[in-house]
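In what follows, a structure is listed as structure tokens, so that the remarks can point back to it.
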Amino acid sequence: MQEDFRLIIDLVLVFAVAACGGLLAALLKQPVLLGYLIGGMVVGPSGLRLIKELIQVETLAQFGVAFLLFALGVEFSLTELRKVKAIALGGGTLQIILTILITVLVCGVTGAWGTLPAKGVFLGSILSLSSTAVVLKCLMERNETETPHGQVMLGMLVVQDLALGLMLAVLPALHEPGEVIGIAVLMALLKIGLFAAGAVVAGIWLIPPLLRLLARTESKELFLLGIVTICLGIAIFTEYLGLSIEMGAFVAGLMISEVEYADETLTIVEPLRDIFASLFFAAIGMLIDPVFLWQNLELILGLVALVFVGKFLIITPLVSLFRYPLKTSLIVGLGLAQIGEFSFVLASEGQALGLVSRRVYLLILGTTAVTLMLTPFVLRLVPFLFDFAESMPWLKPYLVDDQARDFSEDLPQKNHIVVCGYGRLGKNLVKLLQQYQLSVVVIDQSESRIQQLRDAGIAYVYGNAVSLHVLETAGVSHAQGMAIALPDPASIRLCLKRSLEVCPELDTVVRATQDKNIELLYQLGAKEVVQPEFEASLEMVNHLLITVGLLPEVVQEKMQQIRQDHYLDLRPESSAAEVSQYLQKVTRDLNRRWYDLPADSPLIGMTLEEVNMRYLTGVSLMAICRVDGEEIDYPNSQTTLLLGDRLLVVGSAEELTALIQFAEGKITIK
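Counting from 1, position 465 in the sequence shown corresponds to residue 465 in UniProt numbering; the numbering is continuous, with no gaps.
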């Protein structure tokens with residue numbers, strides 16, 4: 001009982017120092033991850049030595065990485081994984097093999113650790129792994145998990161997690177003859193294959209029915225227990241097979257990602273993920289020995305520089321080899337240049353097997369810890385590095401994929417709208433613009449999204465939106481306006497700068513990922529900057545206020561005032577008056593709301609062609625939701641309006657008022 005109480009005290013201490021460290025880092029505008037690491041270092045065995053049950057704390061900390069990877073699997077989904085399967089499987093495998101081979105070669109040439117190639121293989125395995133937990137945390141904080149570089153990094157990290165199980169299986173056999181190593185590799189591959197086959201079976205026939213059964217109970221507690229059991233159960237099973245906990249948790253998330261309860265699962269797991277992730281990073285901090293770091297500072301900094309430069313020079317060309325733009329390749333190279341946290345596991349196994357001495361083990365831990373601590377700073381510096389490189393004329397041409405890989409044959413030549421990025425926001429923009437019969441050209445560099453555009457018959461340019469050639473191909477110089485809906489801040493800024501170089505008078509609407517980016521984007525020349533999350537909240541309030549009985553025109557006036565106050569408050573007073581009146585009008589005109597068709601409406605039973613809603617009221621009908629739950633997106637002219645229909649319409653306040661009168665029979669149909 002006393003030992004259990006000691007563990008509780010230790011957990012409280014770890015959470016407390018993690019919270020304090022994270023708060024301090026946030027106040028200093030640094031990544032909270034750094035605060036967690038430093039907090040763990042302070043209370044750990046090499047710091048104040050306040051933690052007594054270190055092994056149990058580290059065991060509980062494994063929940064953190066399990067929930068991190070589980071949530072990633074739920075959010076990433078098999079569809080997203082297929083998009084980067086070539087670079088993930090091909091590039092990820094090549095990166096591991098090249099890192100090990102180069103390390104063995106360097107050890108052999110320099111005579112490091114004698115002449116045993118086994119030691120070179122061991123060190124190369126450690127260096128080949130990057131940190132899934134740290135990189136994922138940084139991408140999530142920066143809202144970059146859906147960017148091209150974010151997806152490439154996550155795909156390669158998944159392959160590294162798969163390889164960890166293979167490395168752990170081969171490690172004990174490194175001193176044995178070649179046949180023994182071969183058998184160990186085959187056994188590990190067999191385990192991975194059997195687990196993958198079992199995961200497919202469970203993902204199709206076991207997990208979906210189980211989740212539906214839990215959901216039918218309408219008990220959040222039972223649903224949470226079921227989710228946690230699935231996540232940790234599969235993670236522990238993979239650990240038992242000699243594979244990694246990370247791999248099991250990620251695969252468990254992928255199973256659930258294809259079920260209709262994926263979003264609910266993610267919402268439930270996120271608080272657990274964040275709590276245990278802080279414990280995990282604090283536990284990593286406990287492994288750091290600040291005294292040893294200080295005594296060997298020069299050597300460790302030299303090793304850190306060697307690791308960063310070496311891995312960067314291996315990964316960047318590999319990503320470029322798979323035809324990714326240089327910018328994406330550089331970001332991936334910088335983002336994966338650290339040594340991963342699971343290298344601690346390999347290093348510990350290596351010490352137990354006598355492959356490394358205590359001093360070398362501590363050097364590996366110190367170097368790994370420093371690379372982990374530096375990674376958030378490196379990723380934070382990336383946008384500034386590209387901005388600096390943009391100012392260097394001799395570097396500028398190399399930063400983007402300068403050519404359009406493909407484009408539609410019937411690209412409009414003038415008076416069209418250019419949309420950069422065809423993610424969720426870009427797709428909604430295109431649909432709305434088409435409702436107003438506007439010509440649209442979409443720029444995107446994802447093969448899967450370009451195929452979607454081809455199938456939909458939408459004009460496109462396949463290429464990087466920050467390339468002058470791609471922008472010119474899209475006809476930016478003769479466009480009526482441009483919407484930049486790219487996911488990452490660096491690409492947004494570069495695209496804006498390049499587009500205004502092509503056409504200085506271009507009317508541009510730009511997505512801002514954070515409040516702090518708004519003024520910078522205005523300074524770069526954007527006519528209007530919007531935040532999708534803020535606009536979504538306004539739409540929700542707008543709908544609720546109209547639902548409770550407020551007049552649409554009154555609500556619209558209030559929403560416009562809130563919108564203006566929000567964006568102007570984020571800008572200096574000197575520039576606040578420059579907000580585009582034209583784009584305010586567009587925002588106002590593109591108001592959306594759900595409208596319940598009255599039971600006694602004369603429109604019931606009529607087709608949309610007979611109703612002629614747009615001609616009589618001015619609104620555009622986006623979707624119909626039936627009583628039975630059926631949703632019809634962009635209904636055709638022969639769709640019949642039925643009793644109980646809910647209509648998603650777009651229009652100005654005056655047009656929405658006209659629709660209400662029309663639906664109630666106050667405007668007669670001629």
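Note that the Cβ used here is the ideal one computed from N, Cα and C, for glycine as well.
These numbers were taken from a predicted model, which means no experiment stands behind them.
{"Asked": "When Leu-164, Pro-325, Asn-542, Leu-453 are compared against Ser-343, the one with the closest alpha-carbon", "Found": "Leu-164"}
{"Asked": "Segment contact flag, the stretch 84 to 95 with the stretch 281 to 297, C-beta cutoff 8 Å, min 3 pairs", "Found": "no"}
{"Asked": "Short Cβ contact (9 Å threshold) for Gln-95 with Ile-315", "Found": "yes"}
{"Asked": "As assigned by DSSP and simplified to three states, the class of Thr-110", "Found": "helix"}
{"Asked": "Cβ neighbours of Val-42 in the same chain (closer than 7 Å, five flanking residues each side left out)", "Found": "Val-17, Leu-48"}
{"Asked": "Proximity below 9 Å, CB of Ile-207 to CB of Val-134", "Found": "no"}
{"Asked": "C-alpha distance - Gly-91 paired with Leu-129, whole-angstrom precision", "Found": "13 Å"}
{"Asked": "Touching by the beta-carbon criterion (3+ pairs, under 8 Å), the stretch 343 to 353 and the stretch 361 to 378", "Found": "yes"}
{"Asked": "Contact set for Phe-292: own chain, Cβ-Cβ below 8 Å, skip 5 residues either direction", "Found": "Ser-46, Leu-362, Gly-366"}
{"Asked": "Between the CA atoms of Ala-465 and Ala-526 - distance to the nearest angstrom", "Found": "16 Å"}
{"Asked": "Limits of the unbroken beta strand (DSSP E) element including Asp-633", "Found": "631 to 633"}
{"Asked": "Thr-328 and Pro-148 closer than 9 Å at C-beta", "Found": "yes"}
{"Asked": "Contact the stretch 308 to 322 vs the stretch 56 to 63: 3+ CB pairs below 8 Å", "Found": "no"}
{"Asked": "Cβ pair Leu-372, Gln-338 closer than 9 Å", "Found": "yes"}
{"Asked": "CA-to-CA distance, Pro-290 to Asp-444, given in whole angstroms", "Found": "47 Å"}
{"Asked": "Three CB pairs or more closer than 8 Å across the stretch 445 to 465 and the stretch 406 to 421", "Found": "yes"}
{"Asked": "Beta carbon proximity, Tyr-462 to chain D, threshold 9 Å", "Found": "Of the chains in the structure shown, none is chain D; there is only one protein chain."}
{"Asked": "C-alpha gap between Lys-119 and Glu-472, whole angstroms", "Found": "54 Å"}
{"Asked": "Boundaries of the beta strand (DSSP E) in which Val-356 is found, first to last residue", "Found": "No beta strand (DSSP E) contains Val-356, which DSSP labels as neither H nor E."}
{"Asked": "Separation of Ala-459 from Asp-410, as counted between CA atoms", "Found": "7 Å"}
{"Asked": "Arg-380 in three-state terms, based on DSSP", "Found": "helix"}
{"Asked": "Leu-166 vs Leu-189 beta-carbon contact at 9 Å", "Found": "yes"}
{"Asked": "Alpha-carbon to alpha-carbon, Cys-495 and Ile-484", "Found": "8 Å"}
{"Asked": "Meets three-Cβ-pair contact criterion under 8 Å: the stretch 501 to 513 and the stretch 434 to 442", "Found": "no"}
{"Asked": "Enclosing alpha helix (DSSP H) for Ser-408 [first to last residue]", "Found": "No alpha helix (DSSP H) contains Ser-408, which DSSP labels as neither H nor E."}
{"Asked": "As assigned by DSSP and simplified to three states, the class of Met-606", "Found": "coil"}
{"Asked": "Bridge-paired residues (DSSP) for Thr-508", "Found": "Met-482"}
{"Asked": "Pick from Thr-103, Ala-196, Pro-376, Leu-89 that is closest to Lys-29, judged by C-alpha positions", "Found": "Pro-376"}
{"Asked": "Sequence-distant residues of its chain with Cβ nearer than 8 Å to Phe-662 (five each side left out)", "Found": "Leu-603, Met-613, Leu-616, Thr-617"}
{"Asked": "Integer Cβ distance of residue 681 from Ile-268, believed to fall under 8 Å", "Found": "Because the chain is modelled from 1 through 670, residue 681 falls outside the range shown and cannot be assessed."}
{"Asked": "Inter-residue Cα distance where the pair is Thr-639 and Ser-652", "Found": "24 Å"}
{"Asked": "CB-CB length for Leu-279 against Phe-15, believed under 8 Å", "Found": "7 Å"}
{"Asked": "Other residues of its chain near Ala-19: CB distance less than 6 Å, five sequence neighbours each side excluded", "Found": "none"}
{"Asked": "Where the beta strand (DSSP E) containing Ile-51 begins and where it ends", "Found": "Here Ile-51 belongs to no beta strand (DSSP E), and DSSP marks it neither H nor E."}
{"Asked": "Exposure of His-416, with buried meaning 16 or more beta-carbon neighbours within 10 Å", "Found": "buried"}
{"Asked": "Spatial neighbours of Lys-311 in its chain, beta-carbon cut-off 6 Å, leaving aside the 5 residues before and after", "Found": "Ala-337"}
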